[in-house]
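Read through the structure below, which is laid out as structure tokens, and then see the notes.
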Amino acid sequence: MGTSGFNWKLADHPKLPKGKTIGLIVLDGWGEANPDQYNCIHVAETPVMDSFKKGAPERWRLVRAHGTAVGLPTEDDMGNSEVGHNALGAGRIFAQGAKLVDSALETGKLYEGEGFKYIKESFPTNTLHLIGLLSDGGVHSRLDQLLLLVKGASERGAKRIRVHILTDGRDVLDGSSVGFAETLENYLAQLREKGVDAQIASGGGRMYVTMDRYENDWGVVKRGWDAQVLGEAPHKFKNAVEAIKTLRQEPNTSDQYLPPFVIVDENGKPVGPIVDGDAVVTFNFRADRMVMIAKALEYADFDKFDRVRFPKIRYAGMLQYDGELKLPSKYLVEPPEIDRTSGEYLTYNGVRTFACSETVKFGHVTFFWNGNRSGYFNPQMEEYVEIPSDSGITFNVQPKMKAVEIAEKARDAILSKKFEQVRVNLPNSDMVGHTGDIEATVVACKAADEAVKIIIDAIEQVGGIYVVTADHGNAEDMVKRNKKGQPLLDKNGNIQILTSHTLQPVPIAIGGPGLAPGVQFRKDVPNGGLANVAATVMNLHGFEAPADYETTLIEVVDN
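If you want it as structure tokens, here you go:
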């Protein structure tokens, strides 16, 4: 187990005892924001979470869960469940997403990796296709990365390149797609002068073509497939800039909802359908809106829509988009190498661990928590339980999800006294928040709060300690806002629902009968983030954290 010869022994904490049972609860998508009618956590009855906040102020605080606090490039980057659980479990901040891609492109490491070598096999005889969001928004993709990748591939033997663009207008201003397309066109024209056959082959708006998520509407992916793979779309144009300008004039059309189009040659033939032997790269670095197209490109066994034909291609993602599904199996940029996670340390130091969630977040509370690593560190010391999520429905239909079942499994694990750490993820506020259904999200938040109570009650019974936190925001703000923070309205005067994560901080609360007197949150870590939680939990287990971990959030003051 672990690195051979590595010293896994943790020093004992000078003031905190070992052996207490810790209930470690992660509320998914539960941030802190101003109370108003669009803050579902505020609207919902959440007496347990409220009691932490109103109770002992030295045992409740906020931590940062977005941007640089979780390894993302800028403070405009919202957190997500993968990077959030990486930080919670690893106790240190590792470069994620766009940052990883930037460094892989900068060092040239991307071109030496397995993924690039794999797609490169198609270069001598076939086409390289690049599919992704054409934007400098930095949320899903970045135009400068696309241009660098096109340049790098052309310098390494790609003679025929086709770009399938998805217009943005969601993370950037509506209408900005024209400028982005012009920038790309100009660059491809320069490559053509150098003898590389490079052009845009198809396009469409991100919310209408390709970039659906959470299997909300496979029709979106099919429209992309038809244009990109089959070369079929209702609109045909000679070039992409003309396509965007023309289609934007249609009623109810915006960059996000541009209908699919293909680029055709003088004879009206599409310039870039995907055929046997081609290489395909989806160049977005953010995962959630690439998983569905990845399934369509990769899975031989696929029944979500009729693909008409399934070309034998070499497909790679910019990154691996789903660590649980191992999808796609080939990718250009390796995930951060996260070693020496808190889970591995604690297991080695005798802390028996139970982890549980339902399917949609089970990987987060195990695989991502453990540094993107599958399986147990020590099967004698650990037990992981997955409760199957509801399938075939959107989560707002059953907003309580499996919260009670997760809580009951945790309760039983706590009362069994077989474990010193019982860790769960309650997905409700995130998964229902993503549906944009405000009423259902309120129900979801109440259900999560009730689940927390079941677990806290068990902790009380065994004289244990609870740590309740979250991985990023979502349900606390369900409306898009202008710069002044006022809700944005659509053309018909209705509020624009926000279904995404947020930039808000998340709470962390500690307590329980096992918490030693004098334990309180320090005042000198004001910018603490999710990565500070690991050292905090190690302390509560009776250990000092490793020296290079982000510092603990707690101190013990002598009463």
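Taking the UniProt record's numbering, the leading residue of the sequence shown gets 1, the next gets one more, and so forth. For glycine and all other residues, C-beta sits at the position ideal for the given N, C-alpha and C.
Between the CA atoms of V291 and K222 - distance to the nearest angstrom: 14 Å
Sequence-distant residues of its chain with Cβ nearer than 6 Å to Y331 (five each side left out): G115, A316, G317, L319, Q320
Which of the three DSSP states is assigned to F354 in this structure? strand
Assuming F521 contacts R213 (C-beta within less than 8 Å), just tell me the rounded distance between them. The pair is not a contact, with the Cβ atoms about 36 Å apart (cut-off 8 Å).
Among A95, K120, Y257, the one whose alpha carbon lies nearest that of L166: Y257
Tell me the DSSP secondary structure of P270 in three-state form. Look at P270 here: in three-state DSSP terms it is strand.
Given this structure, state the Cα-to-Cα distance separating D255 from V178, to the nearest angstrom. 9 Å
Going by C-alpha to C-alpha distance, which of N539, I438, L540, L503 sits closest to N495? Strictly speaking, residue 495 in this sequence is Ile, with Asn absent from that position. The option with the nearest alpha carbon to I495 is I438.
Which same chain residues, not among the five before or five after L128, have their C-beta less than 6 Å away from its C-beta? A153, A158, I161, A279
In this structure, how does DSSP classify K159 when only helix, strand and coil are distinguished? coil
Report the option in N284, A451, A189, K109 whose CA atom is closest to the CA atom of residue 567. Absent from the model: residue 567. The displayed extent of the chain is 1 to 559, so no value can be given.
Three-way DSSP call (helix, strand, coil) for Y257 in this model: coil
Evaluate contact between the stretch 364-376 and the stretch 332-350, counting only Cβ atoms and requiring at least three cross-stretch pairs below 8 Å. yes
Tell me whether L485 is buried or exposed, calling it buried when 16 or more other Cβ atoms sit within 10 Å of its Cβ. According to the sequence provided, residue 485 is Gly. The question's Leu does not apply to it. With fewer than 16 Cβ atoms within 10 Å of its Cβ, G485 is classed as exposed.
Host alpha helix (DSSP H) of G363 (start-end): 359-363
So, C445 versus A470, is the Cβ gap smaller than 8 Å? no
Starting from N239 and walking both ways along the beta strand (DSSP E), at which residues does that stretch end? Here N239 belongs to no beta strand (DSSP E), and DSSP marks it neither H nor E.
Consult DSSP for Y208 and reduce its assignment to one of helix, strand or coil. Annotated three-state conformation of Y208 is coil, per DSSP.
Which residues mark the beginning and the end of the alpha helix (DSSP H) in which T183 is found? Residues 177-193.
Cβ-Cβ distance between V404 and L24 below 8 Å: no
Just to confirm the assignment: which complete beta strand (DSSP E) runs, minimum length 3, are found wholly within the stretch 94-139? Listed in chain order, the complete beta strand (DSSP E) runs (minimum 3 residues) inside the stretch 94-139 are 128-134.
Spatial neighbours of G2 within its chain, please: C-beta separation below 7 Å, excluding the five flanking residues on both sides. With a pLDDT of 46 at G2, under the threshold of 50, the modelled position of that residue is not reliable, and the figure given next carries that caveat. Counting only Cβ-Cβ distances below 7 Å, and skipping sequence neighbours, we find W8, E344, Y348.
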